[in-house]
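What follows is a set of notes on a single structure, which appears directly below.
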Amino acid sequence: MKWLNDYFMTAQREAGKKFTDAEVAQHVDGLFARNATFRGFFSNSSGPMLTMKVGDIPSQERTAIEAAYKRQGVEKPTDAQVMDIYWKRQIARK
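Take a look at the structure:
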């Protein structure tokens, strides 16, 4: 997951040091604790961000992400690309 690698690179740069195993575990625990909104058949709910699939992204957000990729010349972004942007937005909102 590229977003996770980017997350740790940024967090370590901001901390000014490479994380120990315990610090990495603490950050991963925090990411599992973060909730994101999942799209349901009848309503939206929330759950751990790291367990979601691309189909769980609210359709309005997914459409916006795909449109942004198209503006950049990527006609059909992969699920991984869509998830990457969605997760980065979720992290930025917290």
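Residue numbering for the sequence shown follows our numbering, beginning at 1391 and increasing consecutively. Even glycine gets a Cβ: it sits at the ideal position worked out from N, Cα and C. Note that this is a predicted model, so its numbers are computed, not measured.
**Request:** Would you mind reading off the limits of the alpha helix (DSSP H) that contains D1396?
**Result:** Here the alpha helix (DSSP H) through D1396 covers K1392 to A1405.
**Asked** Can you tell me whether R1461 is buried or exposed, with buried defined as 16 or more other CB within 10 angstroms of its CB?
**Response** Result: exposed.
**Message:** Given this structure, state the Cα-to-Cα distance separating I1481 from W1393, to the nearest angstrom.
**Reply:** Rounded to whole angstroms, the separation of the alpha carbons of W1393 and I1481 is 10 Å.
**Prompt:** Exposed or buried, which one is R1452 when buried takes at least 16 other CB atoms within 10 Å?
**Reply:** Buried.
**Item:** Through-space distance from D1446 to D1474, alpha-carbon basis
**Value:** Their backbone Cα atoms lie some 13 Å apart in a straight line.
**Item:** Segment limits, alpha helix (DSSP H) that includes Q1462
**Value:** Unbroken run through Q1462: none, as it is neither H nor E.
**Asked** Nearest to T1441 by alpha carbon, out of W1477, S1449 and H1417?
**Response** Shortest Cα-Cα distance from T1441 to any of W1477, S1449 and H1417 involves W1477.
**Request:** Using three-state DSSP, classify T1453 as helix, strand or coil.
**Result:** Secondary structure of T1453 (DSSP, three-state): helix.
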